[in-house]
Amino acid sequence: MIGWLKDILRTNAVAQAPARSAAAAQPMADTTRVRALPGETLAKQLALVIDLNVCVGCHACVTSCKQWNTSGSAGPLADENPYGADPTGTFFNRVQTYEAGSYPGTETIHFPKSCLHCEDPPCVPVCPTGASYKRKEDGIVLVDYDKCIGCKYCAWACPYGARELDEERQVMTKCTLCVDRIYDEHLPKEDRKPACVKACPTGARLFGDVKDPESEVSKAIRERGGYALMPEWGTQPANQYLPRRKTPAVKH
Amino acid sequence: MHPAFSILFFTTLAGSAQGLVVALALASLLGVPMAPGFLSKALLVALVLLLAGLGASFLHLGQKMRAWRAMLMWRTSWMSREVIILPAFIVLVGLWWLGERTGMAARFGAVVPVLAIIGSIVLWYCTAMIYACLRFIEEWAHPLTIVNFTLIGLASGLLLACALAALLGGGGDMIAANGTSALGLTIAAWVTRVVSLRRNAGIRHKSTLQSATGIQSPTLVQKSMGLSAGSFNTREFFHGASQAAVQNARLGFQLLAFAVPALLMVWGITSHDSWPWVLAVLVQAPGLIAERWVFFAQAKHPQNLYYQVVS
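Protein sequences appear in the order of chains A and B.
Residues in the first sequence are numbered from 923 upward in steps of one, following the working numbering.
Residues in the second sequence are numbered from 3 upward in steps of one, following the working numbering.
What follows is the structure, given as structure tokens:
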């Protein structure tokens, strides 16, 4: 059957019988069966927890993210004019720097920023094609690059600016939590983590299931005051941030 | 937000065409006498505008060949709904035009004009909801967005109907029927647009740098946005024009889209000349584009909080 006709039939079939999407146990390319329904509560939600107390702003997570994701099956992430005066390119992860307080009591905070894999992602329902979706099995928000029409509406609908249009492929791209890595059984178990997490020299990036109360990420959020960005919009970001901590001075 | 000309042209062209179709539908329902062949010629103008708008909307897409996929998610996406209603509306106007050309339209009586009015209103609603449903773009997330898209479309469409009636000759009754409503709607659209301009200028945004980063310090500044040059985030969400340019555009669109056309309409109604109507359309066209430009430029996306300082 013709591909597009298949897509139409599948979209309708899933919408009429949502119960059937329970068959989505294994990760697969067929996005119509693995997508979470709007407002659905998932049993598992993979996420990053970022410790602002130890991030030193080295950008290792940025470069390792770019390296892994530009080398994958989805095709390279665009780099336009890389050696020119005005270079630009697609990145899934950025490290920003903020300064709090007034001199001399200032504090420098390095702030890594990528898709937060919201539990109620506003970017997903606005997508007219269904290319953007949230995976039922682990809560990762993904874009099906073969279905995206590059209308940029999802980027407008993300308050965090987490999505970037790839100027060469003309499709929307975003952090995949290295979905092509974390389940890869050809990799040693300790490597089945997002590239940014593996690269961080200070251990500022934790990865795990925030729905599992005993996971490393859940404990960190609980014990160290993890918080979500822009809570005012009710997007319930899965990724959370650990605040800077005061360390008491010790006299020896 | 960065105003994309594809969207500015699409929303203004389609909006005017919808208004024109409403004017023609009301005129045929109310039995306003029209010159022979006027209705089919005016419908053809609406069709051309709609197709030009559709073409402009395609220019916005990165992957044009996949555009049909945008019809699939009508359950959740206003954009998908618009993508379904727009071609349906174009087909309806096309059939009406064919019906007028072949003389078959009379057989269907009021059905086609009534459907055309409903289609226009639904399409305005879908187009405006694309913007109004984005809750954190607070300049857009308001019923005034829907009111303005509808009123500006109606006003420009009714004016276009009067201008076409004046141009094609023998349109005295059409102008008499539509002229005052066109004037009234233009003034109403001006009023509601100014109300939204004022509201938007006074918004205290819910998101702050503190809520965006979770760093609770009253003095917090960005020192680096993590890149040394531009990115999608710095291109798509900033208009890049100076404050003065935005101010000029605000003033300019109020003059070109509302004030001057309203004066010309008064002239047209009182003098029974044709040319003020045609001139009003020509003056209004760039004003409508400027109005949509300001609609985008005035919207402050919360992601901009993360992209304040290059380096």
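C-beta: ideal position from N, C-alpha, C; glycine also.
Here the structure is a predicted model, which is why all the values come from computation and not from measurement.
Its Cα nearest to that of T1124/A, the residue C983/A stands out among C983/A, T963/A, P960/A. Q967/A is positioned such that its CB atom lies closer than 8 Å to that of G1061/A. In this structure, S226/B and G1023/A do not form a Cβ contact; the two beta carbons are roughly 17 Å apart against a cut-off of 8 Å. Around the Cβ of F60/B, a 10 Å sphere holds fewer than 16 other Cβ atoms; the residue is exposed. Residues of the stretch 1069–1092 of chain A whose Cβ lies closer than 9 Å to any Cβ of chain B, in chain order: K1069, C1070, I1071, G1072, C1073, K1074, Y1075, A1077, W1078, A1079, C1080, P1081, Y1082, G1083, A1084, R1085, E1086, L1087, D1088, E1089, R1091, Q1092.
Straight-line measurement puts the Cα of V1017/A at about 57 Å from the Cα of L26/B. Under DSSP, E1021/A shares a beta bridge with T1030/A, V223/B.
By the CB criterion at 8 Å, W76/B and I132/B fall outside the cutoff. Remark: three or more beta-carbon pairs, one from each stretch, lie closer than 8 Å, so the stretch 1069–1082 of chain A and the stretch 50–64 of chain B are flagged as touching.
For the stretch 74–94 of chain B, the set of positions with a beta-carbon nearer than 7 Å to some beta-carbon of chain A reads L74, M75, R77, T78, S79, M81, S82, V85 in chain order.
Judged by beta-carbon spacing, V1101/A lies beyond the 8 Å limit of V1065/A, meaning their Cβ atoms are not closer than that value. Inclusion of F255/B and H4/B in the CB contact set at 8 Å is not warranted, their separation being larger than that value. As a beta-bridge residue in DSSP terms, R1016/A pairs with K1035/A. Residue pairing by DSSP places Q1162/A opposite V971/A in a beta bridge. Between P278/B and G270/B, the C-beta gap is smaller than 8 Å, which places the two residues in contact. For E238/B, at least one C-beta of chain A is nearer than 8 Å to its own C-beta.
In terms of beta-carbon proximity, C1049/A lines the interface with chain B, with at least one pair separated by less than 8 Å. Pairing P304/B with R1085/A, the inter-Cα distance amounts to about 13 Å.
Spanning the alpha carbons of A134/B and V149/B requires a straight line of approximately 11 Å. Take V85/B, set aside five residues on each side of it, and the residues of its chain with a beta-carbon closer than 7 Å to its own are A72, M73, in chain order. The shortest C-alpha to C-alpha distance from L10/B to any of A54/B, I205/B, L97/B is the one to A54/B.
Out of L162/B, I154/B, M36/B, the CA that lies nearest to the CA of V47/B is found in L162/B. Contact of S8/B with chain A is not assigned, every C-beta pair being separated by 8 Å or more. Using a Cβ-Cβ distance cut-off of 8 Å, the stretch 17–34 of chain B and the stretch 1031–1038 of chain A are not in contact, since fewer than three pairs of beta carbons, one from each stretch, lie closer than that value. Residue pairing from DSSP places Y1149/A in a beta bridge opposite Y1163/A. Straight-line measurement puts the Cα of M1152/A at about 11 Å from the Cα of Q1162/A. Nearest Cα to E140/B within the set R201/B, V196/B, A37/B, A165/B: R201/B. The residues F138, P304, L307, in chain order, have a CB closer than 8 Å to that of S209/B in the same chain once the five nearest residues on each side in sequence are set aside. In this structure, the straight-line span from the alpha carbon of F91/B to that of A157/B is close to 19 Å.
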